[in-house]
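First comes the structure, then the notes that go with it.
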Amino acid sequence: MKFPSALFLSLILLSARPNTHAAPPSYFGEDSNIIISNKAERYSYEEGDQAHPVIIRQEQKTTYYCAELRASIPWVETYDGQSRIDGVKIYVNGSRDKSIQPKDEFYSSGDIFFSDQRVYYFSLPFIKKGTSNEVDLEKTTLDPRYFTTIYFPEEQPVRQKTVEIAVPKWMHIEIKEMNFAGYSIRKTHQFDDRKQIDVYTYTIANLPSFKKEENSPGPSYVYPHLFILSKFAELKTGKQQYFNDLKDQYAWYRGLVLQTNNDAAVMKAKATEITKGLTTDLDKIKAVYQWVQENIRYIAFENGLAGFRPAKAQDVLNKKYGDCKGMANLTKNLLAALGFDARLCWIGTDHIAYDYSTPSLAVDNHMICALNYKGKFYFLDATESYIGFGQYAQRIQGRQVLIENGDSYLLQRVPVSGYEQNEVHNQYDLRIEGTALTGQVSHLWKGENKENILFRANSVYKNKLQEALQQFLSRGNPNYVMTTVKQDGLENRNADLSFQYKLVYNNAATIFDNDIYIDPDFRKEFGEADIDTTSRQLDYLFDCKGDWITETNLALPAGYKVQDLPPGLDIQRKGYSFSISCKLEGNVLKYRKAIVIKDVHLPRPGFGQWNADIAALKKTYLQQVTLTRK
Amino acid sequence: MNSHPQSYIMKPLSRICLLLSLAGITCVSASAQADSTKYKERATAIRAEVWAWKDAVFANRTVPAEHANESCVIMGRKAVIEADTKKKINWALSAHRNFYYNSTVREMVKINDKASLEEYSQLSYRQFKKLNGWMSATSTSFVGARIIKPNGTIKEVNTDEAVSLNNGRNDQQRKLAISDLQVGDILDYFVRTEEFSEYIKEPERLIFVFGDDHPIMYYYLHCEIGSKYAIEYRSMNNAPDAKQTTNEDKDVILDIGMKNLPAAPTGFWMASLRELPAFRLNVLAGGTYAGAGRAPGEVVKDVPLADIINLINTGISYPDPGKSAVLKRLVVDVLKGYDKHYNKLPKDSLANLIYYAYRFVRYYNQVDASLEVGEDRNEMDINNYDYLIYLQPILEQHKIYSKFVVMPYKHGPSIDHVMGIGDLSVMLLVDLEKPIYFTNNNMFTYPGYIPASLEGQPCPEVRSKRFTRNQVVGLDQLTPLSTARDNTQEENLKVAFNGTDMQLLHVKRHTVLTGKMKEGEQLRLLNFEDCYESERNALHVEKSIMDNLQKARKSKNVSEDYAAALQKARASLKDRFKAEISGEFEQDPKDVISWKIDNPGLRHTAPDLVYSTEFTVDGLIQRAGNNFLLNIGKVVNSPLKLTPSQRTRNIDIYMSYARTLDCTVAFDIPQGYSVQGVDKLNKTLNNDCGSVVTSAQVQGSQLMVHFKRTYKHDQESVNKWPQLLAIIDASTEFADQKVLLKKG
């Protein structure tokens with residue numbers, strides 16, 4: 248931060264205008280400084296040219312109001328090969344400001360290697376409290392297929408907003424009103440008889456801004472918006488078909504896929520090499536899937552039509568990188584080269600609220616490979632680098648999947664896995680030696696929990712891996728000393744991941760006089776998983792379902808008996824359960840904990856119960872076993 | 003004057019981007035770069051040239067057995083620096099000189115695992131950049147990459163597959179995915195940057211560090227510098243001397259190489275620029291072109307410190323007279339407002355008063371365009387030289403005399419290895435009965451404060467009357483070095499159960515941070531408005547910023563904005579204190595009940611940062627039937643957590659400063675309970691590096707625990723590591739200590 252070296256007033260005393268705006272309503276909460284006092288958006292379907300028979304013109308005027316203190320906000324609009332920005336006018340405190348020079352750059356994100364999407368942006372300054380700025384935008388979408396949604400919320404709170412959609416009689420669309428419940432959105436419809444245009448107008452007032460929160464549902468689940476289905480146009484030049492039904496969407500996808508010329512001979516050679524020496528179908532299938540997962544780096548490309556067209560399988564093979572389409576296409580072609588019935592399929596991950604009952608480019612965002620084997624479909628998503636065959640990531644479980652089937656298509660759902668798929672099991676067989684706990688320990692990770700560890704392990708330098716694993720298993724506790732560590736599954740996606748070792752856990756037993764105090768649980772999963780309800784606005788999504796089981800068997804030392812045991816815990820909810828028991832069986836103290844996440848979706852109204860349950864869990868975690876000398 | 007040299011040590015992330023910085027910058031010609039055809043032709047030629055290098059650096063493709071388990075091994079790295087000039091006549095028939103500066107870095111890396119594969123899988127580079135707007139100066143980069151498969155076959159990566167991140171006229175950035183790269187391959191790649199500039203060539207200040215996160219089998223540097231440039235160079239930290247020769251064009255040739263460099267040691271408590279071998283090179287456009295103080299063709303090995311001090315002397319000799327006059331007037335206005343007879347104050351008091359008035363003018367009585375008054379306001383930065391060269395004449399105006407002294411940074415190149423102004427910081431040594439240093443660390447610096455980064459360093463004089471060329475005065479003087487007692491974190495905690503909740507602790511905490519311990523927390527916790535008002539009151543400044551804003555007709559509305567900004571900043575304090583508590587206790591407090599700065603530590607007369615907090619925290623009490631275990635160790639101490647590999651060490655230890663943690667806990671024993679395990683808390687460890695002294699006793703209804711840990715020095719030699727480790731381990735062991743609260 249640099250400050251002007253001398254007199255501080257010169258920069259900030261430009262022009263003063265009377266405050267003509269009332270203070271914003273209090274519900275805007277923390278982000279109440281810059282608000283949108285009014286926004287008017289109009290979308291008009293119009294006839295275009297031969298290349299783009301139907302276009303959508305967007306005109307919008309946004310008035311911003313500075314309610315508290317001077318500030319600058321980023322103003323951003325995106326466009327790509329299927330749209331263009333026709334003009335932007337900027338008014339600062341009532342005057343056109345041509346000194347603000349917008350920048351126009353390729354969109355850049357850590358997750359995406361290349362995107363043809365461009366960002367048009369500038370910093371919009373508010374010179375003082377009480378001033379208003381306006382930004383006018385004209386933009387054209389060149390293909391109705393790409394005109395899919397209109398969201399009502401903005402980056403700033405909105406006081407008043409209207410969205411107008413002008414649809415000529417020749418254009419056939421469907422407007423779906425999404426997530427309107429709880430919002431006061433007024434809709435009117437007028438027919439302009441002279442122009443033969445239907446005009447749909449939506450008006451909304453007092454709308455909070457978009458919120459970005461970790462582990463939250465995608466915006467299409469949360470925010471009020473219009474989902475636009477452009478079906479077809481009856482132009483003077485003839486009928487222009489868009490996505491009247493799923494058949495149209497599939498045909499469009501299929502047309503792009505057929506433009507990809509895969510080299511069957513190259514695929515055959517590679518598939519043969521990968522499966523050399525393998526005899527069973529399943530071994531061959533797993534080998535191909537694992538080879539793609541292991542050898543092809545995922546790099547995301549989003550590039551216009553190429554964003555929907557897979558790269559050639561042989562190109563992905565040669566380059567050793569590809570996006571989801573490229574990886575799916577390579578998987579499919581390698582399997583097909585071995586004679587399997589493998590197919591491409593389109594899918595929307597759980598980030599998207601829609602399914603294929605509403606044909607639209609907004610329905611899907613991913614491509615995977617489907618294998619039809621002995622009458623059953625298996626789904627292979629090689630972008631999940633470390634998941635096993637027949638296991639599915641949470642993001643695609645239960646999702647509708649559009650499977651290529653020649654000129655027609657199949658519509659299925661990816662199987663939903665139970666929480667057992669992702670089990671974590673910790674087993675401790677221990678005894679007390681002085682103040683140390685010693686014995687044998689085993690850990691087991693399955694499914695997505697295993698995938699997560701494999702991903703992290705492969706991100707660590709090879710020469711640092713053993714130390715990283717040691718730190719992971721001991722949770723960085725130097726008293727937790729492991730020897731004769733055996734691991735299995737770090738190299739194999741299709742096996743569970745396990746560790747077994749001998750443990751000397753120093754200072755784990757606290758001795759006072761005749762009593763020994765022991766904490767029976769070393770990992771305490773979910774102990775800090777309470778949700779800050781003062782700031783959290785959106786539902787919470789766990790990364791995956793799963794069950795976390797810990798069993799500790801502690802042999803009582805000779806001459807000691809149990810004085811106190813932690814009370815049990817048994818919480819059973821629809822989406823999750825926590826149960827803990829601790830009891831003496833013979834001379835062995837048996838502690839068992841099971842935490843089960845059955846449903847990854849924790850709705851906001853359930854946060855209170857969740858927090859109360861986590862508090863109970865934490866309280867139980869803070870209970871010790873007391874042994875006393877007989 | 004704060005220009006820091008480019009560091010040429012490689013970092014694990016964005017490795018190829020760093021290689022680009024390694025390559026520096028270069029060029030062909032501006033018009034040529036605009037033409038993609040010419041660019042491609044040039045790129046093709048460069049690739050052919052680089053791949054044709056017949057170098058021992060790249061001859062070996064076999065990883066030695068001792069490095070088989072490394073994530074990757076840099077089989078060879080070679081940097082080539084070329085600089086030349088040409089005399090030109092411009093359109094106005096005026097003669098000038100064009101400067102050409104090329105750098106090429108080629109690296110051959112054996113990829114042994116997926117982590118390194120990912121790291122080397124993409125190459126981002128700035129293909130073209132116009133370096134300034136008003137004269138011709140451009141930088142163009144070219145890349146090449148090829149994969150050497152384990153069977154020896156070589157596959158060239160098609161660089162035309164690079165995608166565009168930015169395609170502006172003056173700035174073009176590209177990204178290339180390295181195709182067909184797999185674990186087990188060798189990636190052989192280079193970045194050439196060619197820079198062209200007309201009239202002026204900015205100095206290149208380069209450091210080549212012979213070390214990396216990964217082993218380097220052979221690292222070689224070759225420089226060919228034209229006779230119109232001046233060169234300064236030196237080897238340091240046991241790097242070999244460069245071999246200096248000339249070619250038939252009278253270019254200066256420098257060659258230096260090192261082999262079999264192991265992976266650089268831990269970054270924990272490490273000063274790379276004092277430990278790792280390195281070669282430093284300054285390439286300067288000599289003569290009148292860049293004012294680098296060197297004649298064209300001048301080659302200086304091991305730059306004398308006197309030369310650098312000469313440059314500094316020149317730099318500080320010409321402050322802006324207008325700015326100087328304004329600052330003098332503003333400071334004198336403050337002084338007169340404080341006391342119209344201020345001149346009659348004793349010299350040392352007057353010197354301090356001038357410092358505070360000057361600090362108020364430059365740091366406090368300012369409003370920037372964004373009205374920043376929150377945590378970021380505390381980070382306001384004024385260049386040291388800029389701050390002190392305008393302070394000195396104000397002192398002189400009041401017959402208080404001072405001299406500039408310069409010193410290296412504690413963790414930067416040592417005084418023997420400085421190569422430019424950026425390697426040195428500056429202070430004023432004020433000539434009083436008891437001489438005092440005036441420094442400028444941030445807006446909270448007061449007279450006599452020595453920033454941690456500048457302690458204990460040789461501090462030769464600048465502009466010494468006794469100074470003659472090649473003679474440095476005052477090299478034997480060191481800046482003061484603080485002791486562990488000077489830098490203390492004193493904690494007083496009153497801890498009790500939170501009402502009836504026997505698993506929630508209620509903590510009233512009083513914290514005193516002295517010396518360097520307060521540097522970080524002042525930046526985090528102090529509220530600008532409070533500091534401003536504190537200083538305004540101390541200096542008796544009648545009108546506040548707000549008064550001035552409200553008075554000025556045009557700024558009336560801005561005063562409302564300013565008030566709103568101050569209010570927002572104050573509202574953020576709870577979160578800032580919460581973060582401080584979380585950092586100390588390694589877990590978030592359940593609730594922060596109150597927070598207060600008792601003394602901001604802005605003045606030498608009250609230098610400590612003192613604050614009070616009250617909060618609740620859980621997780622430190624465990625129930626055992628009717629009894630409770632209190633983890634008293636974690637209440638007082640969050641020790642360093644060393645990884646197993648950090649426990650072995652073969653390099654010296656560089657900490658920030660010596661320091662003491664002195665923590666007293668008074669725990670209210672709940673009625674009906676007694677405490678067991680107190681005796682185990684009485685321990686003493688004292689060695690050359692530090693001490694840990696703990697004691698505990700029950701006094702009435704309170705358990706009193708005292709924990710004192712001292713790190714005696716800021717630096718230790720590697721042979722002291724076991725003793726330092728013992729101090730860390732003792733702290734860790736104490737953190738596990740528990741006492742039993744026994745019912746009945």
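Residue numbers (my numbering), protein chains in the order written: chain A, 248 to 877; chain B, 3 to 746.
C-beta: ideal position from N, C-alpha, C; glycine also.
Keep in mind the model is a prediction, meaning the values are calculated, not measured.
- The C-beta separation of Q747(A) from K733(A) comes to about 5 Å, placing the pair in contact by the 8 Å criterion.
- Assignment of Q641(A) by DSSP, reduced to helix, strand and coil, places it in the coil class.
- A Cβ of chain B is located within less than 8 Å of the beta carbon of Y764(A).
- Interface with chain A (8 Å Cβ-Cβ cutoff): N168(B) is included.
- Nearest in C-alpha terms to M425(A), of all of E411(A), P404(A), Y398(A), is Y398(A).
- In the same chain as I599(A), and ignoring 5 residues on each side of it, the C-beta atoms closer than 8 Å to its own belong to G465, S467, A609, V610, D611, N612, in chain order.
- For Y231(B), the uninterrupted beta strand (DSSP E) run begins and ends at 231-238, by DSSP.
- In the same chain as S181(B), and ignoring 5 residues on each side of it, the C-beta atoms closer than 6 Å to its own belong to V159, in chain order.
- A direct Cα-to-Cα measurement between K252(B) and G228(B) gives close to 7 Å.
- Residues of the same chain with a CB within less than 8 Å of the CB of F362(B), apart from the 5 flanking positions on each side, are V336, E537, R538, L541, V543 in chain order.
- Sorting V185(B), L456(B), H419(B), G517(B) by C-alpha distance to the C-alpha of F446(B) places G517(B) at the top.
- Contact check between the stretch 707-722 of chain A and the stretch 652-667 of chain B: fewer than three CB pairs, one atom from each, fall below 8 Å, which does not count as touching.
- In the DSSP assignment, D439(A) falls within the beta strand (DSSP E) that extends over 432-439.
- Residue-level contact by beta carbon holds for P725(A) and chain B, with a gap shorter than 8 Å.
- I671(B) is a Cβ neighbour of L743(B), given a cutoff of 8 Å.
- DSSP lists Q687(A), N800(A) as the bridge partner or partners of D676(A).
- Not a single C-beta of chain B is nearer than 8 Å to the C-beta of N509(A).
- With a cut-off of 8 Å on Cβ pairs, the stretch 441-452 of chain A is in contact with the stretch 405-423 of chain A, counting three or more such pairs.
- Bridge partners of H512(B) according to DSSP: N494(B), S614(B).
- Judged by beta-carbon spacing, R660(A) lies within the 8 Å limit of V648(A), meaning their Cβ atoms are closer than that value.
- Just measuring C-alpha positions, the residue of D503(B), P646(B), D690(B), L515(B) sitting nearest T618(B) is D503(B).
- Contact annotation: the stretch 433-446 of chain B touches the stretch 398-411 of chain B, with at least three C-beta pairs closer than 8 Å.
- In this structure, the beta-carbon distance from F579(B) to T615(B) falls below 8 Å.
- The alpha-carbon of A863(A) is positioned some 55 Å away from that of V339(A).
- Contacts between K636(B) and chain A, judged by CB atoms closer than 8 Å, are missing: the closest CB pair is about 13 Å apart.
- At least one beta carbon of chain B lies nearer than 8 Å to the beta carbon of N565(A).
- When secondary structure is reduced to three states using DSSP, W322(A) falls in the strand class.
- Assigned with DSSP and collapsed to three states, I547(B) falls in helix.
- Considering only P609(B), A566(B), V637(B), the residue with the shortest C-alpha distance to Q589(B) is V637(B).
- Residues of chain B whose Cβ lies closer than 8 Å to the Cβ of D760(A) are, in chain order, Q678.
- With three or more CB-CB distances shorter than 8 Å, the stretch 129-148 of chain B counts as touching the stretch 170-187 of chain B.
- Within 9 Å of the CB of V707(A), the CB atoms of chain B belong to S73, D115, A117, in sequence order along the chain.
- Taking a cut-off of 8 Å on C-beta distances, the stretch 287-299 of chain A does not touch the stretch 339-348 of chain B, as fewer than three cross pairs fall below it.
- Here K771(A) is near Y868(A), since their CB atoms are less than 8 Å apart.
- Per the Cβ contact rule, the stretch 39-59 of chain B is not in contact with the stretch 200-209 of chain B (fewer than 3 Cβ pairs under 8 Å).
- The stretch 324-343 of chain B makes no contact with the stretch 492-500 of chain B, as fewer than three CB pairs between them are under 8 Å.
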